[in-house]
Every structure is written in C-alpha cells, then in structure tokens.
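Position 111 of the sequence shown, counted from 1, bears residue number 134 in the working numbering, the numbering being contiguous throughout.
Heads up, the thing below is written out as structure tokens.
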Amino acid sequence: RAVSVPELTQQIFDPRNMMAAADFRNGRYLTCSAIFRGKVSMKEVEDQIRNVQNRNPAYFVEWIPNNVQTALCSIPPKGLKMSSTFVGNSTSIQELFKRVGDQFSAMFRRKAFLHWYTSEGMDEMEFTEAEFNMNDLV
C-alpha cells in the first residue's frame, strides 16, 4: 500500500513510532529534522511540517526560529515508493533519564551486579559520579 506525505508526516510525530520510551507530547522539541525519500514534492513536505507546527505550537519552542529542518532524497528505499526518517531533540527525554536513573539508584543501593564491574577494575566511585552526572541532566 502506498503512503502519502501527510500520512508519513503524521507517523513521524506519532509517539508509538519513536525509538525512545518517552512520551514526546509531554515535552517540547528544541530542534528536529525530517528526511523524506522517494518521489516527493518538497513544497508538500514543507507544508505538512508547517501544518504540524501550526496545529501543535506547544510541542515546539518559540525561541528557536525555523527549528525543523527538512531534507529530501529523490531515490526511494528499495521496495518502497517513499519513506521518512525523523530525528528530534526533545525535552521529554528527561522522563527516560529519570526512569533509568531511579532504576540505577535502586540497583546501586543494593550493589546489584556491582561485583562484575569492580572485578574488572572499576571503582564504586565511578558509579556514584555517573549517577550525579545523570541527575544533572534531569
């Protein structure tokens, strides 16, 4: 089944299609890039991205103008008529960092699996420092 540019645009912003386990509707995009491949009109791509930004202004920071980059490669991927790829820098990634940090803290308090690393020459202080660095991101 052939997909259209509006369909691909909707799919690239759909949280179910993201590779990180965070809900990007809870954050704001600082910058992002949408790359389309295949026989696609650049004007249609730009219009669709602009529509997404106009319909969902709360998802994009206003203090970075033109924060969505679009690119087009006219050669489609093998077996498809067109495809798209999305890379986004969103503040919602802090959800993931917080969740992983909480899980790490719980395991580190119990010293779970720590012996595997200390036996290879790592020091417990390295883990403490990594935990502080992770918490600084959140």
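Beta carbons: idealized from backbone N, C-alpha and C, even for Gly.
Values in this document were obtained by computation on a predicted structure and should not be read as measured data.
Measuring CA to CA, which of the options is closest to residue i?
i           : options              : result
residue 106 : 67, 90, 63 and 56    : 63
residue 91  : 101, 97, 104 and 75  : 75
residue 52  : 136, 88 and 128      : 88
residue 109 : 46, 71 and 59        : 59
residue 34  : 72, 44 and 99        : 72
residue 85  : 147, 26, 54 and 122  : 54
residue 82  : 101, 37, 104 and 151 : 37
residue 122 : 137, 103 and 161     : 161
residue 42  : 149, 104 and 113     : 113
Do you know offhand how far residue i's Cα is from residue j's?
i           : j           : result
residue 134 : residue 93  : 46 angstroms
residue 39  : residue 120 : 19 angstroms
residue 156 : residue 131 : 15 angstroms
residue 56  : residue 127 : 31 angstroms
residue 129 : residue 95  : 45 angstroms
residue 29  : residue 141 : 52 angstroms
residue 44  : residue 97  : 31 angstroms
residue 68  : residue 32  : 8 angstroms
residue 78  : residue 101 : 33 angstroms
residue 139 : residue 149 : 14 angstroms
residue 154 : residue 118 : 15 angstroms
residue 25  : residue 103 : 8 angstroms
residue 65  : residue 80  : 22 angstroms
residue 27  : residue 70  : 13 angstroms
For residue i, which beta-bridge partners are listed by DSSP?
i           : result
residue 108 : 58
residue 93  : 57
residue 52  : 83 and 113
Less than 8 angstroms between the CB atoms is what I'm expecting for residue i and residue j, so what's the real figure, rounded?
i           : j           : result
residue 111 : residue 47  : 7 angstroms
residue 115 : residue 49  : 5 angstroms
residue 144 : residue 99  : That belief does not hold up - the Cβ atoms of residue 144 and residue 99 are roughly 49 angstroms apart, past 8 angstroms.
residue 147 : residue 137 : 7 angstroms
In chain order, which alpha helix (DSSP H) runs of at least 4 residues are fully inside the stretch 113-146?
-> 116-132 and 137-141
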